[in-house]
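Protein chains in written order, with our numbering: chain A, 1 to 626; chain B, 1001 to 1626.
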């Protein structure tokens, strides 16, 4: 077996403007708890079911067709190859830690047929081979060719990091070289309507050291906003202004967030201030004005787009699973520019809510949209005609271990808490081990043990925590929520660090500019957002359910038999018993019938676990009863 | 000049299930006030500007091209002919009362070129003549051919009623005969993805007495829901279920409402109970769960569709001008089945708000969407690539006089109040005159004088009125809001009827199930909905403006120099001075910063008149300050 890397997601080892270097999937093992369970279900159920779906949806057969190994026609949408590449990336991350031979056989088969499908000149895209060959690169805005190349390349990088093998890297490099000829400094200006290749090319540069790939990524960022604007079409494509002049998150949310993530990769390599000015303005816009409490992103169905500031409808939240994942990816890159807790906080909120909601508890069914209210009838599906979300879930969950820890010269950062072990951090020539024991996110009690030596331990104190107690060997140490607590010492073998994050049931209020959540509350406990499902409030129409002002009667209890084991919240809510269905839609205030309250026992469950007991109604935000 | 009819919109003279017969545009004259002003501006500015737009947008040139009278190519969208036909219908209604010779010259020119364009077999549609000929009737769902036929026919009926001429009727009949062959009882099942022809065919039947046209309309209603459903596509096309099984208003709002209006025309002729059951269920769904306070209809951008019950976003209200008009047309038909005030109430709310908002005060610029909030930058346009709304405004305003009065055997109904005269009602062989004097909607004082004779006068007492005083020669008579007050007597020459509708400034509350309006109020005075524009609240961000609980300080004042003369409302509102832009999007309730109030002088203006002083921010609903 050739040498393998630690399999990080985003390799910033040589990136001059990266303060942090991520630990990789191979260095970290999940030992138990919710994340471990979701991680293993993804590997044992999600990824295998995905392999089947790739066959049934024509994704893999298309490669056999264009490589001449099977008769038939290429079928499916023009971006279908990317579904396969994302699945392949997932399989590689999973293989990095499991070394599972079945997984390896699938990977090998898929890699072989991709390589067989590639043309001499480096081009490979099943949709634009054969009869559509003449259409290549004629519609960069919509054809997704460079987007598919990006996912091929991400898969190749993951393949290389996981297996040490060069075959898929060779495919990606040959295609990248072709793109460099066409769209590099000597070629024409051009970039893909759907960003993705920026991230991929920079990871390819990191993996190969070949600077042309960085140049090409940079040029793709520069290419945006160079064409005459095409009404709303340009906004959809993020082509309405040069990237460095963009200050508001608009347009297709996934495209936008992939672009922001790619531009952050570019910053990690170049340190260009103008890029960071744009990225900070965009981050501020997204995460203080346009994100759902679940970490969901993209409010609008129309154009799968960001809404205006504070436009966050609940029933019609688009909140595509891919957008929550894209936000997670973007924050991961920003975190390596500068280890600020706000980035990891945003990742954590997205992970436990808007990302995990995207997949069923059995790991094989997916949401495309993640609304914060359902009137019933909305269910996860096994696959989609536009199947971007399922393999995006696969690759995110398969690489989960790689998002827990990073290091710098003198520090080990713990970003996300889960029972886990950081086995070694060869970065900076030092080897450090960290063991974390916790029942997070159900409990905020976290115990850490570290290997001896002089270095800093940096623990994220989540912004959602009202307070935190941090003790080293029983001695209290300052820990401010919303920051990394730094513990620098000459660690001894038996040192124990204990972080205690209080997890009361919290009623969350939205900024009052959010019309849809006005005078309303949502329940959170720790990083987990809760909802009520129809089955847990059998006597009430969720539309008429209110939160009492005094929520001290709400209490949390772990139920191991429910939804794979979840902390539930139970208590008394109030139902407005006025028959609102029979009332006029609009009345003068003088004729307005005030609510008449009936108490009602209600159980809340984690939002991520909804729609696993039928497709009943569900709601996150409830008006406060007065 | 050949004989002309009274030019009613919907001729129910012979309709067996019509309780009422409408007075026509020729029988009614508007004498002054807001409606008269809007009516005359439409004739003097809107319709002439529309004629220019029809030339510039290729709508009329296309007919010259297909008739071989000019070289060139047919251009524009596949439904472009309908824009011309709707304009032509407008011009005919306008001509019915003005007898203006310029208008007549335009009408004549347009009618001539349509006739010249028609093929031998009756077909006329500029988009599907020439090179697209082979595509005729191959895509009924999307091609709009039968929809365009419908508007041709509506124009022909208006032309016949206004001029007595047969030329355009001949064109429409020949096309209708072709459709009867193709889709009538001997033809295949088929109907247009965009309903409209149902109404048109039934009016054609009424105008000609030719029963085949009624049969064809009936068959088009029956054709819906006969195809295998195509996911969401069928809902968009109202093809998800047989019409008589539909109970919820879903799909494209304009298509749906045109279908409901056409089915109501069918009921007026057939009296089929199953149709009315469906229509009543749909009316209940639309007007108690899915209508904006402005009468706007269709909440969603995606698919220009009805939302779920109580889904009524303000900033992203779609509320297409055509949908408010379509609701107006549907209620007009229902009113002739049974004279219930709720139908005329809905017409009035739509007219003074969601329809009039669709056109600028100068009559030449139009809104497609009519949101209830703008953050600024939203303006009316002179025309659109999809220009359905402008000529829909033209035809509605041009026929306004025809919507004021109807009669039955023994009664004259006054539906909408405006200074006006009903000159004669030859229906039932009786001639009755009614004169109305009022400054409605700015004043609720209405004086009526009637011609002598024994008959009933039925006056709509609007549902929005908290109370009403009705006096005949000073003698009080019962008048219950939300009904028609019936005055039966042997009227004498000097009899005076006076209706007094109190018009206090009212704070309107929405059903609390409407998330976006929760704990909020909108101001109305009479049937007019008010809004605040940025220019009238210079010290406040409208997002932070609240209504005080005590609104007794709000007062109305007429300003003749503002917006063509409007009643304004002024008073003190409260601005939350907490810098919400700097605050987190989500905080625990314990950390929620309560508003800090600053008083702020604010002026409200009628919603219909917004965006005539620049494209600033605007808002209808404001949260109540506690």
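Note that beta-carbon positions come from the ideal geometry of N, C-alpha and C, so glycine has one too.
Let me know the secondary structure DSSP gives residue i once reduced to three states.
i, result
"residue 363 of chain A", "coil"
"residue 1505 of chain B", "strand"
"residue 1218 of chain B", "helix"
"residue 194 of chain A", "coil"
"residue 52 of chain A", "helix"
"residue 87 of chain A", "helix"
"residue 443 of chain A", "coil"
"residue 167 of chain A", "helix"
"residue 137 of chain A", "coil"
"residue 1369 of chain B", "coil"
"residue 1495 of chain B", "coil"
"residue 212 of chain A", "helix"
"residue 467 of chain A", "coil"
"residue 389 of chain A", "helix"
"residue 129 of chain A", "coil"
Keeping to the same chain, check which residues put their C-beta closer than 7 Å to that of residue i; ignore five residues upstream and five downstream.
i, result
"residue 1002 of chain B", "Model confidence at residue 1002 of chain B stands at a pLDDT of 48, short of 50, so the residue's coordinates are unreliable and nothing is read from them."
"residue 1417 of chain B", "1436, 1438, 1440 and 1446"
"residue 542 of chain A", "532, 534, 617 and 619"
"residue 1292 of chain B", "1312, 1317, 1319, 1354 and 1372"
"residue 1552 of chain B", "none"
Figure out for me which residue from the options has the closest Cα to the Cα of residue i.
i, options, result
"residue 1481 of chain B", "B/1142, B/1520, B/1500 and B/1266", "B/1500"
"residue 1574 of chain B", "B/1417, B/1307 and B/1545", "B/1545"
"residue 1286 of chain B", "B/1221, B/1326 and B/1129", "B/1326"
"residue 375 of chain A", "B/1624, B/1168 and B/1309", "B/1309"
"residue 1337 of chain B", "B/1014, B/1548, B/1006 and B/1576", "B/1014"
"residue 1509 of chain B", "B/1558, B/1110 and B/1520", "B/1520"
"residue 1104 of chain B", "B/1114, B/1115 and B/1091", "B/1091"
"residue 1661 of chain B", "B/1077, B/1074 and B/1098", "What the structure shows of chain B is the stretch from 1001 to 1626, and residue 1661 of chain B is not part of that stretch, so it cannot be assessed."
"residue 112 of chain A", "A/120, A/67 and A/72", "A/67"
"residue 1257 of chain B", "B/1240, B/1199 and B/1227", "B/1199"
"residue 1346 of chain B", "A/119, A/82 and A/584", "A/584"
"residue 1578 of chain B", "B/1568, B/1597, B/1449 and B/1242", "B/1597"
"residue 1485 of chain B", "B/1216, B/1467, B/1250 and B/1044", "B/1467"
In whole angstroms, what separates the C-alpha of residue i from that of residue j?
i, j, result
"residue 1170 of chain B", "residue 1207 of chain B", "12 Å"
"residue 620 of chain A", "residue 60 of chain A", "39 Å"
"residue 1023 of chain B", "residue 595 of chain A", "45 Å"
"residue 1314 of chain B", "residue 1529 of chain B", "14 Å"
"residue 1471 of chain B", "residue 1550 of chain B", "33 Å"
"residue 431 of chain A", "residue 397 of chain A", "26 Å"
"residue 462 of chain A", "residue 1463 of chain B", "55 Å"
"residue 1254 of chain B", "residue 1322 of chain B", "6 Å"
"residue 1491 of chain B", "residue 1478 of chain B", "18 Å"
"residue 297 of chain A", "residue 367 of chain A", "14 Å"
Throw me the rounded Cβ distance for the residue i and residue j pair, which I believe falls under 8 Å.
i, j, result
"residue 507 of chain A", "residue 1588 of chain B", "7 Å"
"residue 32 of chain A", "residue 419 of chain A", "4 Å"
"residue 675 of chain A", "residue 173 of chain A", "The structure shown does not extend to residue 675 of chain A, since chain A is modelled only from 1 to 626, so the question has no answer here."
"residue 1078 of chain B", "residue 1144 of chain B", "5 Å"
"residue 153 of chain A", "residue 88 of chain A", "Wrong, their Cβ atoms sit about 11 Å apart, outside the cutoff."
Leaving out the 5 sequence neighbours to the left and right, which residues in its chain are closer than 6 Å to residue i when beta-carbon positions are compared?
i, result
"residue 1107 of chain B", "1091"
"residue 62 of chain A", "74 and 126"
For residue i, collect the residues of the same chain with a Cβ closer than 8 Å to its Cβ; drop the 5 residues on either side in sequence, then sort them by chain order.
i, result
"residue 1712 of chain B", "Absent from the model: residue 1712 of chain B. The displayed extent of chain B is 1001 to 1626, so no value can be given."
"residue 1012 of chain B", "1018, 1020, 1021, 1022, 1206, 1268 and 1336"
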